[in-house]
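In the numbering used here, the protein residues as written are -7 to 159. Below you'll find the structure, written out as structure tokens, and then a few comments.
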Amino acid sequence: MSQASAWAALAALLLTGCDTPVASSDEVPGIAYVNERRRSEADVARASEAFYAKEHHGSDVVFRTEEDSRPGYYFFVKLDVVPPVDGRLVLEVVRKENTPPERYDFAVNLKPGFPFGEYVIGLTGKQSGEAKWRPIAWRVSVVDAKGKFLASKHSFLWGTPSDLVRR
């Protein structure tokens, strides 16, 4: 093999390896972390509610798929970016293998308190699943009014087989 052929092969490999993956598998910087866990009724109850009838979230901004239901599966999200006023926080969840993701989106017109506040997204009510249920895969994104991804973070299994082949 000549030196020119070796350089051509190396260039082809580099160009192929640097090819941009499809959007569904990309992470876009801007989300510091996403933590997930199930919360029972006891976990979400606060002592202050015994004195005040109104639920108090502290410095967090809380979204629930069913507002009146509190136990469920929660995602705790800390952003590194400031979303636009008309931005949306989008959670996509794959419940079962070979099924399309369920999409939940929420307006981010409220901002968590600095420095410890988080966006808290709860799959509650019917969407919370069985007591031991966990999503197979998930993605949390911040999008603008036109749907452009501003930030995105996903679980290890997020993506499709064709996404993985392109890597």
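A virtual CB, placed ideally from N, CA and C, is assigned to each residue, including glycine. Just so you know, these numbers come straight off a predicted model, no measurement behind them.
Identity of the residue in the options nearest residue i by Cα
i: P75; options: W150, S147, L142 and H146; result: L142
i: F68; options: G121, R29 and D136; result: R29
i: L149; options: R126, H49, V135 and G139; result: R126
i: K103; options: D78, R131 and A129; result: D78
i: N101; options: V134, G114 and N90; result: V134
i: T116; options: S32, D60, V53 and G64; result: G64
i: H49; options: G109, T57 and R31; result: G109
i: S51; options: S144, V132 and P107; result: P107
i: T57; options: D35, S144, A99 and A34; result: A99
Backbone CA spacing between residue i and residue j [nearest angstrom]
i: E94; j: G105; result: 29 Å
i: P13; j: P21; result: Low per-residue confidence applies at P13: pLDDT is 40, beneath 50, and the placement is therefore not dependable, though the value from the model is reported in the following sentence. Roughly 15 Å between the two C-alpha positions.
i: V26; j: F55; result: 15 Å
i: H146; j: Y66; result: 15 Å
i: E122; j: Y111; result: 23 Å
i: S16; j: E84; result: For S16, the predicted model reports a pLDDT of 47, less than 50, meaning its position is unreliable and no value from the coordinates is stated.
i: K140; j: K46; result: 36 Å
i: I113; j: N90; result: 24 Å
i: D60; j: Q119; result: 13 Å
i: D18; j: G151; result: 9 Å
i: S144; j: V53; result: 18 Å
i: D35; j: K124; result: 15 Å
i: K70; j: W130; result: 16 Å
Under 9 Å between C-beta atoms of residue i and residue j
i: R80; j: A24; result: no
i: Y96; j: V73; result: no
Any non-hydrogen atom of the ligand NAD closer than 8 Å to residue i Cβ
i: G22; result: The ligand content of the structure shown is nil, which means the ligand NAD is not present either.
Neighbour flag for residue i against chain E, beta carbons, 9 Å
i: F98; result: The structure shown contains no chain E; it is built from a single protein chain.
Anticipated Cβ contact below 8 Å, residue i with residue j, distance rounded
i: I128; j: R62; result: Rounded, the Cβ-Cβ distance is 24 Å, inconsistent with contact.
What runs of the alpha helix (DSSP H), each 4 residues or longer, lie entirely inside the stretch 58 to 136?
Listed in chain order, there is nothing to give.
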